[in-house]
Each structure stands twice: as C-alpha cells, then as structure tokens.
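Residue numbers (my numbering): 995 to 1128.
Here a beta-carbon is modelled for each residue, glycine too, at the ideal position from N, C-alpha and C.
Remember, predicted model here, so these are calculated numbers, not experimental data.
Reading through the structure tokens given below for one structure.
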Amino acid sequence: MQMSDIADVPPAVVGRLRVICGELPEAYEEPAWIGLRWRIRRRTFLHVYTTDERRSAYIDLDHPAILMTFRAPPGELAALAHAGPPFFRADWGVNVVGMVLDDETDWVEVAELVTDSYRVQAPRRLAFRLKGGG
995 MQMSDIADVP PAVVGRLRVI CGELPEAYEE PAWIGLRWRI RRRTFLHVYT TDERRSAYID
1055 LDHPAILMTF RAPPGELAAL AHAGPPFFRA DWGVNVVGMV LDDETDWVEV AELVTDSYRV
1115 QAPRRLAFRL KGGG
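Shown next, in the form of structure tokens:
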C-alpha cells in the first residue's frame, strides 16, 4: 500500500498549512504513513490527512474528512479535548488533539494552534524566536 492510496489531502489545505508552517524556524514537511506531517528536528508538531472508507480511529464520522492532529500546551489541552466538534482527542499521545478541517474552518485559529503546537515541540531557543516569545 502506498501512502497516496489512503491519504490525498486537498492541495488548497496543504497550501494553507505550508504558508503557516513556512513561518516557523527550521520546520519541514515530509510524507507520513498517511498524509503529511510537519516536524521540528525529529518531532512532529502537525499531521494532516484525509480519512478513507475505513474512517478514523479517533473520531466517529459518517463520511471521509480532512483531519489535523497537533500538540496542545497543558493550559489548552483539556479545553480543546473537551470542546467538541470540530475538535477531538487523539489517544496516541499525552498532548495530542485533533481538528476536522472543512469549509467552516477558521484558518486564523488553525495558525494559532499550529504555532502553539510548534512551541510545544521545538527547542526553547527556536520557540523563543517566534513572535511573542516561547
């Protein structure tokens, strides 16, 4: 099975995420086991993929969807994990939250969440280089 067999993220979504991640020092993109992920050093701070007919193990949807998982700082983790749609809790990491990306997505909020996720995963000196410090 090839990655593209199960994960075609729409180019418009990838483009928006590339712009956001392009502002983060030393962040890079690479194919993941499904979809794409963005990393700092060897730590993943963002993963995006499109579910297929098998759906997602993390959220009960009745149709394929574009999902984004990211890291949340301790102060936001509980709030996001319990907020309900479009957010959900991914159970594979202690600080991982997911979000369904769709036509209603607030891309300003996505940029903030991705930046916070980067701060969680990045070395302190790189996180400090972001606007607002670490």
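Simplified DSSP assignment, three categories, for residue i
i	result
M997	With a pLDDT of 44 at M997, under the threshold of 50, the predicted position of this residue should be treated as unreliable, and no value is reported.
V1008	helix
Beta bridge counterpart(s) of residue i as assigned by DSSP
i	result
W1027	Beta-bridge pairing links W1027 to no other residue.
H1041	R1031, T1063
A1121	In the DSSP output, where bridge partners are listed per residue, A1121 has none listed.
With 16 other Cβ atoms within 10 Å as the buried cut-off, status of residue i
i	result
W1027	exposed
A1072	exposed
E1097	Rather than Glu, the amino acid found at residue 1097 in this sequence is Asp. The residue in question, D1097, is exposed, as its Cβ has fewer than 16 Cβ neighbours within 10 Å.
E1122	Note on identity: in this sequence residue 1122 is Phe, with Glu being the wrong assignment. Looking at its Cβ environment, which holds fewer than 16 other Cβ atoms inside 10 Å, F1122 is exposed.
H1041	buried
A1006	exposed
Contact with chain B by residue i, beta-carbon distance below 8 angstroms
i	result
A1084	Looking for chain B here will not work: only one protein chain is present.
8 angstroms contact criterion, which residue i and residue j should meet: CB distance rounded
i	j	result
V1091	A1084	7 angstroms
Which runs of the beta strand (DSSP E) at least 3 residues long sit entirely within the stretch 1067 to 1118? Give them in chain order. Every beta strand (DSSP E) of 3 residues or more that sits fully in the stretch 1067 to 1118 is shown, in chain order, as 1081 to 1083, 1090 to 1095.
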